[in-house]
Amino acid sequence: MQIKDLFDDMPLSEGVVDIQLQKLLREPLDICNDWQRTENLLLDAHRLMPEKLEVLVALYKMYAYSNRFDESLQRINQVLVLSALHEGFAVDWRELEPGSRWCNVTGASRLYLYSMKATGFVQLRKGNVDAAMAVLLKLRELDPQDQVGGSVVLEMAQRLLDTDPD
323 MQIKDLFDDM PLSEGVVDIQ LQKLLREPLD ICNDWQRTEN LLLDAHRLMP
373 EKLEVLVALY KMYAYSNRFD ESLQRINQVL VLSALHEGFA VDWRELEPGS
423 RWCNVTGASR LYLYSMKATG FVQLRKGNVD AAMAVLLKLR ELDPQDQVGG
473 SVVLEMAQRL LDTDPD
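Numbers 323 to 488, taken from the working numbering, label the letters of the sequence shown in order.
What follows is the structure, given as structure tokens:
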């Protein structure tokens, strides 16, 4: 996996991608074999471009792929907070209500929904099926059109619940 792969399915910010982010995307790093260098590069990029939520998303994806789930959740929460503050809605996803504001979302709002999906995925990887279900069901409420693909992770969680002997 290359560093650019961390950005592949990500909803990038609107507008022109700045030169620093373009340079980062072209870095020939292998996350599987050189994750420390990749992490350092992404942390440096975050210091240079703290307003680029995409860099934080790449970091949380890298941590999740490296089975560093607690670090991944920390970065996911950063994106949730920063996205909510940027867009002017509640930081806590439990307080959000479905409605037209979530239709055809772009920018920070889309990254918020995307990060809710990531929360569900990482919670599943940690074995916290109930926590995953809670966030994924809320995501389905907010995003009934499934703009960020949360239904795939929700189906995984539901299958785990269906096969759980308890």
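Don't be surprised by glycine CBs; every beta carbon is placed ideally from N, CA and C.
Taking the Cα of D392 as reference, the smallest distance to any Cα among L370, N450 and D484 is reached at N450.
Taking the Cβ atoms as the reference, L446 lies roughly 7 Å from V475, within the contact range of under 8 Å.
D352 carries a strand assignment under DSSP once its states are collapsed to helix, strand and coil. Remark: C-beta atoms of L378 and R390 do not approach each other more closely than 7 Å. Between I341 and M384, the gap from beta carbon to beta carbon reaches 7 Å or more. Around G442, the same chain offers A454, V457, L458 and V475 as residues with beta carbons nearer than 6 Å, after the five sequence neighbours per side are excluded. Minimum Cα-Cα distance from P372 among the listed residues L482, S405, S394 and E349 corresponds to S405. Going by beta carbons, D366 and W424 fall outside the 7 Å limit.
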